[in-house]
Amino acid sequence: LVAPEELQEIPEQTTETRQALEEFTFAVPEPAPSAKVNINTASREVLVAVGLPTLADEVLQFRAQGRYFTALTPTVATDNPAVPPPFDPADPEFLNAQPALQVHSDTFAIRATGRLNSPKVRHRIDAIVRRAGAGADVKILAWRGS
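Residue numbers for the sequence shown follow the working numbering, beginning at -4 and rising by one.
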């Protein structure tokens, strides 16, 4: 996002979904390398926002069992070939959302809170960081303190 107001441009979202996403939204000063969402870590609200309104719960239940996806293209693969995906990969809902999904992340949101008891002080920092690859340095894309 260049501006948080861009959340309003996401099609077919409810006010509740947009408000839930706003908490995790930053204006990023440069283009993100990928606008794709990690199906292995995205919240229910994010999965719904990218086009999985009925499959989001199935994905979350699958992940709650300690399972994860290893590929979404050209076929849907899971961490164990004996365990099929929790939905039909030919489901039109999944096929429509598939271009917006991936199975890994290079960009992460981090929230850190520091507290002191005397004097009573609390400070929170939210940051969006990106890594260039395994073992690579992390670049801070945006941050805010409160």
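Glycine is no exception: its CB is placed at the ideal position from the N, C-alpha and C atoms.
Grouping DSSP H, G and I as helix and E and B as strand, with all else coil, what is residue i?
i      : result
Leu136 : strand
Val78  : coil
Ala59  : helix
Asn35  : coil
Leu47  : coil
Arg13  : helix
Pro87  : helix
Gln3   : helix
Ala131 : coil
Taking the alpha carbon of residue i as the point to measure from, which residue in the options has its own alpha carbon closest?
i      : options                : result
Arg110 : Phe103, Ala122, His118 : His118
His99  : Asp74, Ala59, Ala122   : Asp74
Gly140 : Arg106, Asp132, Arg62  : Arg106
Ile34  : Arg13, Pro76, Phe89    : Phe89
Gln56  : Gly46, Val45, Thr36    : Thr36
Thr108 : Gly61, Val116, Ala59   : Val116
Leu67  : Asp132, Pro94, Phe103  : Pro94
Gln60  : Ala44, Pro69, Pro81    : Pro81
Val32  : Ile120, Gln97, Leu47   : Gln97
Determine which residues share a DSSP beta bridge with residue i and list them.
i      : result
His118 : Gly109
Thr102 : Arg125
Ala195 : Since the first residue shown for the chain is -4 and the last is 141, residue 195 is missing from the structure and cannot be characterised.
Gln97  : Asn33
I need the straight-line Cα distance from residue i to residue j, nearest angstrom please.
i       : j      : result
Leu16   : Val41  : 7 angstroms
Leu(-4) : Phe64  : Because Leu(-4) carries a pLDDT of 48, less than 50, the predicted location of this residue cannot be relied on, and no value is offered for it.
Asn91   : Ser113 : 54 angstroms
Arg39   : Gln8   : 13 angstroms
Thr49   : Ile123 : 29 angstroms
Leu136  : Ala85  : 36 angstroms
Pro79   : Ala131 : 33 angstroms
Ala44   : Gln3   : 11 angstroms
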